[in-house]
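Engineer:
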Amino acid sequence: MASTHLIALCTCPDEATARRLASEVVEAGLAACVNILPGVTSVFYWEGEAQSEPEQLLLIKTTDTAYSRLEAHLVASHPYELPEVVAVGIEKGLQGFLDWIAQQAR
48 MASTHLIALC
58 TCPDEATARR
68 LASEVVEAGL
78 AACVNILPGV
88 TSVFYWEGEA
98 QSEPEQLLLI
108 KTTDTAYSRL
118 EAHLVASHPY
128 ELPEVVAVGI
138 EKGLQGFLDW
148 IAQQAR
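Counting the sequence shown from 1 gives a position; our numbering is that position plus 47.
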């Protein structure tokens, strides 16, 4: 059974981008809440070379109903050519908090 509540993950190159994207998705009703985690280091291959970059990680609380619009917004507004946008289902949680996510992420 698919989860109706999701945590979407998106890395950002700096604090200004992270704050802007977090504000945009909450104000647009695409997410109930976004946590910004600074000090993340991402190690990855890009264009045939190993990279290591400091980033900020967004933890975006949303719903499966809002996810496709959230993803489209992040892709359109993100400075990266190929931004990290992935989501995992929330299997369990405080029911009142889950209800709040559903009310906010429409």
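Glycine included, C-beta positions come from ideal geometry on N, C-alpha and C.
Give me the Cα-Cα distance between Tyr114 and Ile107, rounded to the nearest whole angstrom.
Structural biologist: Roughly 10 Å separates the two Cα atoms.
Engineer: Looking at the secondary structure, which residues open and close the alpha helix (DSSP H) in which Tyr185 lies?
Structural biologist: With the chain represented from 48 up to 153, any question about residue 185 goes unanswered, as that position is not in the structure.
Engineer: Identify every residue that forms a DSSP beta bridge with Gly136.
Structural biologist: Bridge partners of Gly136: Leu53.
Engineer: Count the C-beta pairs between the region 113-129 and the region 80-87 that are closer than 8 Å, then say yes if the count reaches three, no if not.
Structural biologist: Counting Cβ pairs under 8 Å, fewer than three are found: no touch.
Engineer: Please state whether the Cβ-Cβ distance between Gln103 and Ala78 is less than 7 Å.
Structural biologist: Contact: no.
Engineer: Does the distance from the CB of Thr109 to the CB of Ala55 come in under 7 Å?
Structural biologist: Taking 7 Å as the Cβ cut-off, Thr109 and Ala55 qualify as a contacting pair.
Engineer: Below 8 Å on the Cβ atoms is my guess for Leu68 versus Leu117; work out the distance and round it to an integer in Å.
Structural biologist: Not confirmed; about 10 Å, so no contact.
Engineer: Given that a residue counts as buried once 16 or more other Cβ atoms are within 10 Å of its Cβ, and exposed if not, what is Thr51?
Structural biologist: Classification for Thr51: exposed.
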